[in-house]
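Taking it in order: structure first as structure tokens, then the write-up.
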Amino acid sequence: MTTLEGRPATALLVIDMQHDVVVAAHDRDGVIARIAAMVKRARKAGAPVIWVQHSDAGMPEGSEGWRYVPELTMKAGEPVIHKRYGDAFEGTGLEAELANAAVGHLVVCGAQTDMCIRSTIHGAFTRGYDVTLVGDSHTTEDLTELGAPPMADVIAHTNLYWESQRAPGRTAAVVPAAAVFAS
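First residue of the sequence shown? That's 1 in the UniProt record's numbering, and the numbers climb one at a time after it.
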């Protein structure tokens with residue numbers, strides 16, 4: 001269980017499902033559909049849904065590419081964390097939002113597997129959170145020209161090593177979307 005005392009809640013953290021981030025992502029439509037279903041189940045279960053939205057010089061805040069894909073709808077009152085670094089905790093109010101909601105367990109999905117997803121799951125884990133990665137609901141773009149493995153291999157490798165992640169007092173897991181907030 002989390003090393004954060006008095007934090008029994010679980011939140012769904014949706015990372016960077018923005019136009020420019022997922023325009024050419026692996027299994028884009030499938031990942032979006034699974035995330036939309038999890039968001040619906042989380043809301044029904046009363047679990048916090050927290051949206052993370054990246055901006056930088058190539059994707060300025062307010063631009064069309066910066067906007068979330070239209071298939072994923074943020075509900076009024078749900079926190080939106082604006083970030084400029086890979087780890088959603090760095091330089092943001094994410095920790096305060098999670099503390100206010102008594103969250104000690106994060107269920108993480110979104111994009112981009114080899115950048116913001118990895119940075120955030122590691123950042124959460126080292127900060128004391130239990131972290132569940134939704135294995136079929138994170139995605140990446142093709143970076144093979146830069147020497148990266150094929151997209152499916154990046155996703156599979158991330159799932160493989162996260163299943164084996166261990167630290168005192170915390171848990172790491174990989175589950176399919178269908179198991180998240182399932183009745």
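Beta carbons: idealized from backbone N, C-alpha and C, even for Gly.
Just so you know, these numbers come straight off a predicted model, no measurement behind them.
Check: Contacting residues, own chain, Cβ-Cβ under 8 Å from residue 24 (five flanking each side not counted); Outcome: 141 and 142
Check: Minimum C-alpha distance to residue 136 - residue among 127, 146 and 173; Outcome: 173
Check: Span of the beta strand (DSSP E), counted from its first residue to its last, around residue 119; Outcome: Where residue 119 is concerned, there is no enclosing beta strand (DSSP E), although the alpha helix (DSSP H) it sits in stretches over 118-126.
Check: Identity of the residue in 118, 165, 145 and 37 nearest residue 15 by Cα; Outcome: 118
Check: Residue 180 versus residue 78 - alpha carbon distance; Outcome: 19 Å
Check: Sub-8 Å separation of residue 43 and residue 49 beta-carbons; Outcome: yes
Check: Exposure label - residue 190; buried when at least 16 CB within 10 Å; Outcome: In the structure as shown, the chain starts at 1 and stops at 183, and residue 190 therefore has no counterpart that could be examined.
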